[in-house]
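Just so you know, we're using our numbering here: the sequence shown kicks off at 18 and counts up by one.
In this text, a Cβ means the ideal position worked out from N, Cα and C, and glycines have one as well.
Notes follow once the structure below has been shown.
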Amino acid sequence: MTQQFVRGDKVKWDWGDGERKGVIAEIHTHPISKIIDGETVRREGDAGSPAYIIEKPDGGYALCCGYELSPA
């Protein structure tokens, strides 16, 4: 089971050669697709490993599963 987060938690994840940070905005316990920066992003969220929509500091969004995230 992956770590569970709640709305408002600060998280980080690896991206390219660096790291991104943001705040949990939404939690989905079912498969979800979202258009982010013109691309359709899909994650297979479920009760044991939810998918999270994360608001980034620049106002953009990311969609990640819990196993991709760690507390910031």
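Asked                                                                                                                                                                : Found
Does the beta-carbon distance from residue 54 to residue 77 come in below 9 Å?                                                                                       : yes
Check whether the Cβ of residue 72 sits closer than 8 Å to any heavy atom of the ligand GDP, and report yes or no.                                                   : With respect to small molecules bound, the structure shown includes none, and the ligand GDP cannot be examined in it.
State the CB to CB distance for the pair residue 62 and residue 74, rounded to an integer number of angstroms; the pair is presumed to be in contact (CB under 8 Å). : The Cβ separation is near 23 Å, so there is no contact.
Spatial neighbours of residue 40 within its chain, please: C-beta separation below 8 Å, excluding the five flanking residues on both sides.                          : 25, 26, 27, 28, 71 and 72
Based on the DSSP secondary-structure assignment, which residues constitute the bridge partners of residue 80?                                                       : 70
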